[in-house]
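In what follows, a structure is listed as structure tokens, so that the remarks can point back to it.
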Amino acid sequence: MRKEIPLFIMLVCGVFMAVQFFVPHELPALIYQNLNKTVQVVGAVALVLGIVSLLSLHFAKISKRQPGYGYSYILVVFFFMMAASGFLPAKVNLGPFLGTGDRVEGSFFLNLYNYVLTPVQATMFALLAFFIASAAFRAFRARSVIATLLLLTAVVVMLGRVPIGPFVLGDWISDLADWIMAVPNAAAKRAIIVGVGLGILSLSLKMVLGIERAWLGGGR
Amino acid sequence: MRKPLLLGALVFLFLFISTPAQTPPAPVSDLEAIDAPDDAGNQVDLNWKPSPDETRAANPVIGYQILTAPAVDSPFVPIGTASFGATSATAKDGLKNGRPYYFKIRAYALDSSFAESEVAGPVVPQGSWWNTKPAYIRIFIWMALVVAFILYNIFLAGKKELYIRPIGGINAIDEGIGRATEMGRPILYICGLGDAAQAATMAAFSVLGRVAQKTAQYQTKLIVPCYDPIVFSICQDVVKGAYLNAGRPEAYNEKDVFFVAQDQFPYVAAVNGIMLREKPATNFYLGQFYAESLMLAETGFEAGSIQIAGTDQLIQMSFFIVACDFTLIGEELFAASAYLSKEPEQVGSIKGQDWGKVIFAGLSVLGVVSVLLENKIHFFGFFKKLMINE
Chain A
313 MRKEIPLFIM
323 LVCGVFMAVQ
333 FFVPHELPAL
343 IYQNLNKTVQ
353 VVGAVALVLG
363 IVSLLSLHFA
373 KISKRQPGYG
383 YSYILVVFFF
393 MMAASGFLPA
403 KVNLGPFLGT
413 GDRVEGSFFL
423 NLYNYVLTPV
433 QATMFALLAF
443 FIASAAFRAF
453 RARSVIATLL
463 LLTAVVVMLG
473 RVPIGPFVLG
483 DWISDLADWI
493 MAVPNAAAKR
503 AIIVGVGLGI
513 LSLSLKMVLG
523 IERAWLGGGR
Chain B
-11 MRKPLLLGAL
-1 VFLFLFISTP
9 AQTPPAPVSD
19 LEAIDAPDDA
29 GNQVDLNWKP
39 SPDETRAANP
49 VIGYQILTAP
59 AVDSPFVPIG
69 TASFGATSAT
79 AKDGLKNGRP
89 YYFKIRAYAL
99 DSSFAESEVA
109 GPVVPQGSWW
119 NTKPAYIRIF
129 IWMALVVAFI
139 LYNIFLAGKK
149 ELYIRPIGGI
159 NAIDEGIGRA
169 TEMGRPILYI
179 CGLGDAAQAA
189 TMAAFSVLGR
199 VAQKTAQYQT
209 KLIVPCYDPI
219 VFSICQDVVK
229 GAYLNAGRPE
239 AYNEKDVFFV
249 AQDQFPYVAA
259 VNGIMLREKP
269 ATNFYLGQFY
279 AESLMLAETG
289 FEAGSIQIAG
299 TDQLIQMSFF
309 IVACDFTLIG
319 EELFAASAYL
329 SKEPEQVGSI
339 KGQDWGKVIF
349 AGLSVLGVVS
359 VLLENKIHFF
369 GFFKKLMINE
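Sequences listed follow chains A and B, in order. In terms of this note's numbering, the first sequence opens at residue 313 and continues consecutively. In terms of this note's numbering, the second sequence opens at residue -11 and continues consecutively.
Structural data, given as structure tokens:
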């Protein structure tokens, strides 16, 4: 029964989801909406499990003094600080630097969010530029005919997309870049999209029919 | 003082008598009310011939008001408007399925005088049980055709051996697991940032099941940091089930499959940290990825791991191709689990999928030819109408 019940649920839900796309009646739409709400409820419950998993992992690291356990301390402290800041009574005032307990601009909760989390996230995102540069350096080395073709195409597209390209070389470079993006690039993208669509259809069918069971750990 | 007042009164009286009275507009004609097709219900389509007074110079019609009532003799209430020139509208405000409704259209002139049409109805709005719009029928036929091909090939696979082309990226999955086992280092498996309902994530679950079975057999550590809490729960179950099926339930460590953060860059920071500390021999990136794809793949490269990626996100695919050793492109991600299993039914499904591509390529060529030759050869005109026109 450990596998039969999930497979049965998958069969019923899979067939329903496929059929409801073609049925405009309000009844399937209502069931669809309620199923989506159920997913939200499951998500909320799963979030609790996730938090338990996260904290137990880091508590274990701290208690066993595993390498890098200091980071676990930081995670646990900030986890509880962020959670507690959301529950602070509105009357609490932690001073001009930390902020107040209510949920308006200048509160402790929003200060943590705006002046700790957001800058850290922006820093991470900014690193992407360097990752792109290093990846491009490796990708665009002209080691073969195809790699050289890739390099030349990339140079044309890059020059066509920045103001200095047409300024120095004329409008033909931006026209050529546009053509590359609109014709060969779009053709390749569409071919991949068709493949993805067929792949999704095939995988869904196998899952619904119970042919694909690896998501249940495999086996018969 | 009296003279100007008297004069003013006389002028006003003269103007009042000499100005011709504004005639009310002619009503709309041939009002027709039908239950709106291909909808969830609660809607009625109205069609009419516009008032002939829309174009008259003096006091023209400027718009229409839609009125409804549950019975002919009940008071009609306005439920919507239609602009000047309109000949149809969909009435939906306040309508309920299964109840009769009558309709009238009121044509308004510039001076607010109006004329009402004949009553149309009764119409009982109902929800449709099948969408008959051409686009939906085409999708249905296309889907049914591909499904039929897949099922036929699955059936065929049970009777004879089918050949499927070798896919480098999928063959590399076994190599990656073997490498990790030989080096005594862990495997890192990332299911992406998608939720559990997304096809790419489902494909990632399937491959995870296969990978986990192998790591259970070879006793290699498998680390699965998760972004989404539902994905985390499913991954735990998939890995646990795979270890159970491999006959090594005791080797499963639930702390190896863990939730990290449901926020993109904190997740990336944590996973990059794991890569640099644990130095995994092989990294799998299968699922839905966004801006973090290159950050993860470049860090994995720095850590010296073999990297196998697959996603349905087109832009991220190019990043993975650049930074990873093997990339599953397009449908290869969805075929990976079937390919790894080597089970006849699974192999048959890949074959069916390939046949779907052949049909699509054929239809695409036929579509291009139809657009070019629609006026010269009757068949192509018909085909274009069938496949392209709404």
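All C-beta atoms in this analysis are idealised placements derived from N, C-alpha and C, irrespective of residue type, glycine included.
- Item | Beta carbon proximity, Lys345/B to chain A, threshold 9 Å | Under the Cβ distance rule, Lys345/B counts among the residues neighbouring chain A, one pair being separated by less than 9 Å.
- Among Ser17/B, Asp33/B, Asp99/B, Trp117/B, which has the Cα closest to the Cα of Ala338/A? It is worth fixing the name first, because residue 338/A is Glu in this sequence and not Ala. By alpha-carbon distance to Glu338/A, the top candidate from Ser17/B, Asp33/B, Asp99/B, Trp117/B is Trp117/B.
- Message: Looking at the strands, I want to know which residues DSSP matches up with Leu176/B.
- Response: Looking at the DSSP assignment, Leu176/B forms a beta bridge with Ile211/B, Asn271/B.
- Message: Using 9 Å as the threshold, is the C-beta distance between Ser105/B and Pro15/B below it?
- Response: Yes, the Cβ-Cβ distance between Ser105/B and Pro15/B is below 9 Å.
- Task: Residues of the segment 209 to 222 of chain B with a CB closer than 9 Å to any CB of chain A: list them in chain order, please.
- Result: Per Cβ criterion, the list reads Cys214, Asp216, Pro217, Ile218, Val219, Phe220, Ser221, Ile222.
- Task: Could you please give the first and the last residue of the uninterrupted alpha helix (DSSP H) stretch that includes Asp162/B?
- Result: First-last of the alpha helix (DSSP H) with Asp162/B: 156 to 171.
- Task: Would you tell me roughly how many angstroms separate the C-alpha atoms of Glu170/B and Gly164/B, rounded to the nearest one?
- Result: Approximately 10 Å between the Cα atoms of the pair.
- Taking C-beta to C-beta, are Arg415/A and Leu424/A nearer than 9 Å? A distance of 9 Å or more separates the beta carbons of Arg415/A and Leu424/A.
- Message: For chain A, check one thing: does any of its Cβ atoms lie closer than 9 Å to the Cβ of Ser6/B?
- Response: Confidence at Ser6/B is low in this model, with a pLDDT of 46, below 50, so the placement of that residue should be treated as unreliable; the coordinate-derived value is given next. At a cut-off of 9 Å between beta-carbon atoms, Ser6/B makes no contact with chain A.
- Query: Any beta-carbon of chain B closer than 9 Å to the one on Tyr344/A?
  - Reply: For Tyr344/A, the answer is no, since every Cβ of chain B falls outside 9 Å of its Cβ.
- Query: What in chain A is Cβ-close to Ser293/B, meaning under 9 Å?
  - Reply: Listed along chain A, no residue sits closer than 9 Å to Ser293/B by beta-carbon distance, the nearest being about 15 Å off.
- Message: Quick check on Pro66/B: does DSSP put it in helix, strand or coil?
- Response: The answer is strand: DSSP assigns Pro66/B an E or B state.
- Assumed close pair Ser514/A, Phe322/B - CB separation to whole angstroms, cut-off 8 Å: Rounded, the Cβ-Cβ distance is 6 Å, consistent with contact.
- Could you give the C-beta distance for Gln276/B and Gln301/B, rounded to a whole number, given that I count them as a contact under 8 Å? 6 Å between Cβ atoms; contact.
- Item | chain B residues whose Cβ lies nearer than 8 Å to that of Glu338/A | Chain B residues near Glu338/A: Ala28, Gly29, Asn30, Asn85, Gly115.
- Task: List the whole-angstrom C-beta distance separating Thr412/A from Ser419/A, where the pair is believed to meet the contact cut-off of C-beta under 8 Å.
- Result: 5 Å between Cβ atoms; contact.
- Task: Verify the CB distance criterion: does Met263/B have a CB-CB separation below 9 Å to chain A?
- Result: No - not a single Cβ of chain A is within 9 Å of the one on Met263/B.
- Query: For a contact meaning CB atoms closer than 9 Å, what does Ser350/B contact in chain A?
  - Reply: Sequence inspection shows Gly at residue 350/B; the Ser mentioned does not correspond to that position. Residues of chain A passing the Cβ test: none, with the nearest at roughly 12 Å.
- For Leu264/B, which residues of its own chain have a beta-carbon under 8 Å away from its beta-carbon, when the five flanking residues on both sides are left out? Spatial neighbours of Leu264/B in its own chain (CB-CB distance under 8 Å, excluding positions within 5 residues in sequence) are listed in chain order as Thr287, Glu290, Ala291.
- Message: Under 8 Å, with one C-beta from each stretch per pair, do the segment 265 to 273 of chain B and the segment 226 to 244 of chain B reach the 3-pair mark?
- Response: Contact between the segment 265 to 273 of chain B and the segment 226 to 244 of chain B is absent: fewer than three C-beta pairs spanning the two stretches fall below 8 Å.
- Check each candidate in Pro40/B, Ser39/B, Arg153/B, Ile22/B and name the one with the smallest Cα separation from Pro88/B. Ranking the options by Cα distance to Pro88/B, first place goes to Ile22/B.
- In chain A, which residues lie less than 8 Å from Ile152/B when you measure between Cβ atoms? By Cβ distance, chain A contributes nothing, its closest Cβ being about 13 Å from Ile152/B, past 8 Å.
- Reference Tyr206/B; option with closest CA among Ser194/B, Ala230/B, Leu274/B: Of Ser194/B, Ala230/B, Leu274/B, the residue nearest in Cα terms is Ala230/B.
- Using Cβ-Cβ distances below 8 Å, what residues of the segment 431 to 453 of chain A are close to chain B? If the cut-off is 8 Å between Cβ atoms, the segment 431 to 453 of chain A has Val432, Gln433, Met436, Phe437, Leu439, Leu440, Phe443, Ile444, Ser446, Ala447, Ala448, Arg450, Ala451 near chain B.
- Message: For chain A, check one thing: does any of its Cβ atoms lie closer than 9 Å to the Cβ of Arg379/B?
- Response: The structure shown has nothing for residue 379/B, since chain B only spans -11 to 378.
- Query: CB Ile54/B to CB Ala95/B, shorter than 9 Å?
  - Reply: Going by beta carbons, Ile54/B and Ala95/B fall outside the 9 Å limit.
- In three-state DSSP terms, what is Asn30/B? Looking at Asn30/B - three-state DSSP - the assignment turns out to be coil, as it is neither helix nor strand.
- Task: Look at the alpha carbon of Ala356/A and the alpha carbon of Asp490/A, and state the distance between them as a whole number of angstroms.
- Result: C-alpha separation (whole angstroms): 46 Å.
- Out of curiosity, what's the CA-to-CA distance linking Val353/A and Val226/B? Spanning the alpha carbons of Val353/A and Val226/B requires a straight line of approximately 21 Å.
- 9 Å Cβ cutoff met for Ser185/B and Val351/A: A quick correction: the sequence has Ala, not Ser, at residue 185/B. Yes. Within cutoff.
- Query: Which residues, taken in chain order from the segment 482 to 513 of chain A, show a beta carbon closer than 8 Å to some beta carbon of chain B?
  - Reply: Across the segment 482 to 513 of chain A, CB contacts with chain B closer than 8 Å involve Lys501, Ala503, Ile504, Ile505, Val506, Gly507, Val508, Leu510, Gly511, Ile512, Leu513, in sequence order along the chain.
- Query: Quick check: the segment 297 to 311 of chain B against the segment 443 to 453 of chain A, are there 3 or more CB pairs under 8 Å?
  - Reply: With the cut-off at 8 Å, the segment 297 to 311 of chain B and the segment 443 to 453 of chain A touch.
- Message: Which residues of the segment 359 to 381 of chain A have a Cβ closer than 9 Å to any Cβ of chain B? Give them in chain order.
- Response: Those would be Leu359, Val360, Leu361, Gly362, Ile363, Val364, Ser365, Leu366, Ser368, Leu369, Ala372, Pro379, Gly380, in chain order.
- Message: Measuring only the C-alpha atoms, how far is Asn119/B from Pro336/A?
- Response: Going by the C-alpha atoms only, they are around 6 Å apart.
- Message: Less than 7 Å between C-beta atoms, sequence neighbours within five positions excluded: which residues of the same chain meet that for Ala330/A?
- Response: Cβ within range, chain order: n/a, list empty.
- Message: Quick check on DSSP: helix, strand or coil for Thr315/B?
- Response: Strand at Thr315/B.
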